[in-house]
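Chemist: There's a structure below that I have some questions on.
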Amino acid sequence: MIEICFVCTGNTCRSIMAERIAKKMAKNKKIKDVKFSSAGLRADGSQITENARTVLKKLGYDGRKRKSVLLSDVKPNVIYVTVTDDHKKFVKSKKVISFNDLAGEVLDPYLQDLQVYEKTAKQIEKNVELLLNKIENLRGEV
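Heads up: the sequence shown at position 54 corresponds to 46 in my numbering, and the numbers run straight through without jumps.
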């Protein structure tokens, strides 16, 4: 089992969107042995933002409510995928990459309009697609 944790600042927009996008994309690709989660470096238990929920639903992903989770314990067997290179500096793990290492950093849509959230979701989709392709390629499943 591979465990991947997406990390951003508050875990109310980007990382939770990445988690939910990855879960559905992996299911569609029939990748069953990868577990996805998300956390924030400064998460405080806030709910996923309404705009993130709305955009996820609009694009066909899980738009349910969920409280943010603080990244408090870095586990040695988890692969951490940070949204920006700055986040990467704070995750003390040998198994950490950023979206910038894949298809590019994803800007923070927090407190912005739905169009910005949708653009963010599309950037996340590109990154997650590349990540899942890399997993498939490493396994020789492609």
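Think of the CB as a built atom: it goes at the ideal place given N, C-alpha and C, for glycine as much as any other residue.
Between V26 and E(-5), what straight-line distance do the alpha-carbon atoms span, to the nearest angstrom?
Modeler: 6 Å
Chemist: Across which residues does DSSP place K67 in a beta bridge pair?
Modeler: DSSP, once it has assigned bridges, lists no residue as partnering K67.
Chemist: By DSSP, does Y53 sit in helix, in strand, or in coil?
Modeler: coil
Chemist: Check each candidate in S60, Q104 and N20 and name the one with the smallest Cα separation from C0.
Modeler: S60
Chemist: When burial is assigned at 16 or more other CB atoms within 10 Å of the CB, is Q107 buried or exposed?
Modeler: exposed
Chemist: Hey, quick one: how far does the beta strand (DSSP E) through A31 stretch, first residue to last?
Modeler: V26 to G32
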